[in-house]
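Notes for the one structure printed next.
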Amino acid sequence: MELSGLRAPERQYSMTENFVHVQGSWCVEGRYPQDLLHLWDLYKEEKGSENDRPDMFPDTQLYIVLEFGHGGRDLESFVFNNARDLMAVFVQIAYSLAVAEEALEFEHRDLHWGNVLVAPTTESKIDFKLGGETYTLNTHGLKATVIDFTLSRIKLPHCIVFNNLAEDPSLFTSEGDYQFEVYRQMQHTNNDKWETFKPYTNVLWLHYLLVKMSSECYIKNNKTKLHRAHLPLLTKMRDAMLGHESATRFVLNRES
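For the sequence shown, my numbering assigns the number 17 to the initial residue and increments by one for each residue that follows.
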């Protein structure tokens with residue numbers, strides 16, 4: 017809710033609308049609905065799932081229901097026109113992380129390309145507020161939305177909310193994709209102390225996204241001059257990303 021609240025236009029010091037919009041929340045009780053079970057079965061059939069079928073729960077089971085705004089397609093499956101559009105999406109993500117670092121000592125800790133959504137927008141510009149300053153970016157017709165804060169860390173007025181990943185050692189043993197290496201890099205960064213604020217973990221995930229964007233995202237018009245002009249800028253940013261201390265420092269260095 018706090019991340020969604022960063023979109024409030026009256027916020028003077030830090031503001032971003034690129035975290036998924038929470039439109040409502042409810043606590044409900046009862047058996048899992050048949051319509052949702054049918055959708056769960058379809059998902060498992062098409063994409064597979066290691067989770068238990070939700071009909072295992074009793075009639076007295078409590079659920080938290082969250083209603084989110086529609087953020088678009090995930091970065092992994094979205095088809096971009098060119099590298100300029102990739103750049104537009106990436107900088108939106110970086111600026112949103114910077115705002116959340118400053119406002120809430122936020123670390124996402126699981127920002128793989130399934131947790132970034134992309135959607136067309138008619139807005140040509142998008143504003144961010146960081147340190148009381150307003151920064152305006154060109155959208156080039158695309159808006160990024162960050163989702164899934166299961167592993168995230170955030171500082172609230174009276175407590176720190178975090179997932180103690182030290183209790184899940186299997187997270188750090190997987191192989192096969194750079195994503196799994198980033199988990200180990202995070203563990204090294206904070207010495208397995210997950211309550212502490214180490215914004216460099218956001219830098220690790222930004223670097224991961226640049227790796228994916230520069231080599232694996234779908235590009236429709238990859239022969240155009242526009243694409244060829246921006247791809248080197250994307251790879252240059254990728255190669256320099258790990259030299260920044262935080263998403264905030266990346267943004268401020270970019271603006272200086």
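The beta carbon of each residue, even a glycine, is placed where N, CA and C say it ideally should be.
For residue j and residue i, the rounded distance between their alpha carbons
| i | j | result |
| --- | --- | --- |
| tryptophan 56 | asparagine 180 | 28 Å |
| phenylalanine 213 | valine 107 | 22 Å |
| valine 132 | arginine 47 | 31 Å |
| leucine 158 | glutamate 121 | 27 Å |
| arginine 125 | serine 272 | 27 Å |
| glutamate 261 | isoleucine 235 | 30 Å |
| serine 230 | glutamate 61 | 32 Å |
| glutamine 77 | glutamate 45 | 6 Å |
| glutamate 197 | leucine 226 | 15 Å |
| lysine 171 | asparagine 237 | 42 Å |
| glutamate 211 | leucine 167 | 11 Å |
| arginine 89 | valine 134 | 5 Å |
| alanine 160 | alanine 182 | 30 Å |
| leucine 58 | asparagine 67 | 14 Å |
| proline 74 | aspartate 51 | 17 Å |
Residue nearest to residue i in terms of C-alpha spacing, selected from the options
| i | options | result |
| --- | --- | --- |
| histidine 86 | Ser272, Glu18, Pro136 | Pro136 |
| cysteine 233 | Leu91, Tyr79, Arg69 | Leu91 |
| arginine 265 | Tyr59, Leu58, Val115 | Val115 |
| threonine 32 | Val44, Leu19, Met72 | Leu19 |
| proline 248 | Phe84, Leu58, Asn98, Ile170 | Asn98 |
| phenylalanine 185 | Met202, His174, Asn237 | Here residue 185 is proline; the residue named in the question, phenylalanine, does not match the sequence. Nearest of Met202, His174, Asn237 to proline 185, Cα basis: Met202. |
| aspartate 255 | Tyr224, Lys239, Leu242, Val267 | Tyr224 |
| leucine 22 | Val162, His243, Gly64 | Val162 |
| tyrosine 29 | Leu172, Glu149, Glu66 | Glu149 |
| phenylalanine 188 | Asp208, Leu153, Ile176 | Asp208 |
| glycine 130 | Phe165, Glu139, Cys175 | Phe165 |
| phenylalanine 96 | Met257, Leu268, Val267, His246 | His246 |
| valine 36 | Asp193, Arg200, Glu83 | Glu83 |
| isoleucine 142 | Asn34, Ser65, Val267, Val177 | Asn34 |
Residues near residue i by beta carbon distance below 8 Å, same chain, minus five either side
| i | result |
| --- | --- |
| methionine 17 | Val38, Ser41 |
| lysine 145 | Arg27, Gln28, Tyr29, Ser30, Met31, Thr32, Val115, Tyr151 |
| threonine 205 | Lys214, Tyr216, Thr217, Leu220 |
| asparagine 269 | His260 |
Sequence-distant residues of the same chain with beta carbon closer than 6 Å to residue i, five excluded per side
| i | result |
| --- | --- |
| leucine 127 | Trp221 |
| alanine 263 | Ala110, Leu113, Ala114, Glu117, Asn218 |
| aspartate 101 | His156, Leu158 |
Own chain, CB closer than 7 Å to residue i, minus 5 neighbours either side, in chain order
| i | result |
| --- | --- |
| aspartate 71 | Tyr48, Leu53 |
| threonine 251 | Ser230 |
| histidine 119 | Checking the sequence, you will find alanine at residue 119 rather than histidine. So the list reads Leu22, Ser30, once near-sequence residues are dropped. |
| methionine 253 | Leu226 |
| tyrosine 273 | With the chain represented from 17 up to 272, any question about residue 273 goes unanswered, as that position is not in the structure. |
| valine 105 | Val134, Leu158, Ala160 |
CB contact below 8 Å: residue i versus chain D
| i | result |
| --- | --- |
| methionine 17 | Protein chains in the displayed structure number just one, and chain D is not present. |
>> For a minimum of 3 consecutive residues, which ranges assigned as the beta strand (DSSP E) are wholly contained in the segment 171 to 257?
In response: With a minimum length of 3 residues, no continuous beta strand (DSSP E) run stays inside the segment 171 to 257.
> Hey, which unbroken runs of the beta strand (DSSP E) at 3 residues or more fall wholly within the segment 35 to 108?
Replying inline: 38 to 45, 78 to 84
>> If we require 3 or more residues per run, which beta strand (DSSP E) segments fall completely within the segment 117 to 151?
In response: Residue ranges of uninterrupted beta strand (DSSP E) with 3 or more members, entirely inside the segment 117 to 151 and ordered along the chain, are 132 to 136, 141 to 146.
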